[in-house]
Ligand code: MEV
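Numbering (my numbering), first residue to last: 648 to 962.
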């Protein structure tokens, strides 16, 4: 894509967070997974013209990066996202400051890295007078995702760029699902407060798969069956079936070795408080778990039970 011209006016764009409803890890190996956008948590990128070389400022993480200092092979994810976006729009970095802020906790499996990349890509395109399609924003963020963990399936950048619930199979175009969160799907998301980079559990699953392929493929197949059951349940509005599938998916993730005592404790607390289902969500070993309530009032009761059980924050 070649953008028209530098507008040299301030622009701001954002991107949402995400949760994986089911199918994480197995999705890296070609099985389907379902992910949901979280529009209330967002990363934002704002670009203002300045007199200096293009500089990225991220006050939340104390980062200041001047692009002219960086070669094209920079490993800084913010610079990498910006450079990919400039290449995409066919422009050179302008004299401007890009400020990145985010409400999405880092290392919490809520897609903070992909959301920042999508927001940066959108803002740079807008600065040159064009808007990225969801597919373009997703492709751009995928390049940066490869820095965060070596072999990402692409589900995070996809659900974030489309900002719609997705049925995702690696290497295929996503199928957009019609699922309502809130009224239709009373999900509660609770954070263990443990920040774990996704590449660690993803790498451990890879090592286990290399050691004992048959056993790990068996887990992936069982997870794929639960993801199909979950989709049927979503389409029929059968929350009880969805809850059963979530519980069974959590057990398989425990067997894969990507849960941890804190995630298990929050899942147990949710079940004790009557959740229809509970599971860890995303890479694991920390980060977030999700619990399915019966309705909005029950979601509030679950929220309180999870906070009592030690959750650091509940969405
Ligand atoms: C991370 O949100 C989901 C994982 O399956 C990794 C991936 O799909 O790339 C753990």
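For every residue, glycine included, the Cβ atom is placed at its ideal position computed from N, Cα and C.
Problem set entry | Member of 819, 664 and 848 whose CA lies at the smallest distance from the CA of residue 760 | Ranked by Cα distance from residue 760, the options 819, 664 and 848 are led by 664.
Exercise. In terms of residues, what are the limits of the beta strand (DSSP E) holding residue 713?
Worked result: Its beta strand (DSSP E) spans residues 710-713.
For this session: Check whether the Cβ of residue 930 sits closer than 7 Å to any heavy atom of the ligand MEV, and report yes or no.
Result: Yes - the ligand MEV has a heavy atom lying nearer than 7 Å to the Cβ of residue 930.
Problem set entry | Residues bridged to residue 804 [DSSP beta-bridge criterion] | BP columns for residue 804 are empty, so no partner.
Exercise. So which of 788, 802 and 887 has the shortest CA-CA distance to residue 929?
Worked result: Taking only the C-alpha atoms, the option nearest residue 929 is 802.
Problem set entry | Local conformation of residue 707 per DSSP, three classes | Looking at residue 707 - three-state DSSP - the assignment turns out to be helix.
Problem set entry | Straight-line Cα distance separating residue 660 from residue 728 | Approximately 14 Å, taken between the alpha carbons.
Exercise. What does DSSP give as the partner residues of residue 747 in its beta bridges?
Worked result: 692, per the DSSP bridge assignment.
For this session: Could you tell me whether the segment 670-679 touches the segment 728-738, where touching means 3 or more Cβ pairs closer than 8 Å?
Result: No: the two stretches stay apart, fewer than three of their Cβ pairs being nearer than 8 Å.
Problem set entry | Backbone CA spacing between residue 682 and residue 699 [nearest angstrom] | Going by C-alpha positions, residue 682 is about 40 Å away from residue 699.
Problem set entry | Whole-angstrom distance between residue 857 and residue 892, CA atom to CA atom | Straight-line Cα distance between these residues: approximately 27 Å.
For this session: Give the secondary structure of residue 701 by DSSP, where H, G and I count as helix, E and B as strand, and everything else as coil.
Result: DSSP places residue 701 in the coil class of the three-state scheme, outside both helix and strand.
Exercise. Can you give the beta carbon distance from residue 936 to residue 914, rounded, assuming they're within the 8 Å contact cut?
Worked result: Right, their Cβ atoms sit about 6 Å apart.
Exercise. Is residue 672 near the ligand MEV, with its Cβ less than 7 Å from a heavy atom?
Worked result: The ligand MEV approaches residue 672 closely enough that one of its heavy atoms is under 7 Å from the residue's Cβ.
For this session: Return yes when the C-beta of residue 803 is under 7 Å from any heavy atom of the ligand MEV, and no when it is not.
Result: Yes - the ligand MEV has a heavy atom lying nearer than 7 Å to the Cβ of residue 803.
For this session: Look up residue 661 in the DSSP assignment and say whether it is helix, strand or coil.
Result: Three-state result, residue 661: strand.
Problem set entry | Cβ neighbour criterion (16 or more within 10 Å) applied to residue 896 | Buried.
Exercise. The ligand SAM heavy atoms versus the CB of residue 865: any closer than 7 Å?
Worked result: Judged by which ligands are present, the ligand SAM is missing from the structure shown, whose ligands are the ligand MEV.
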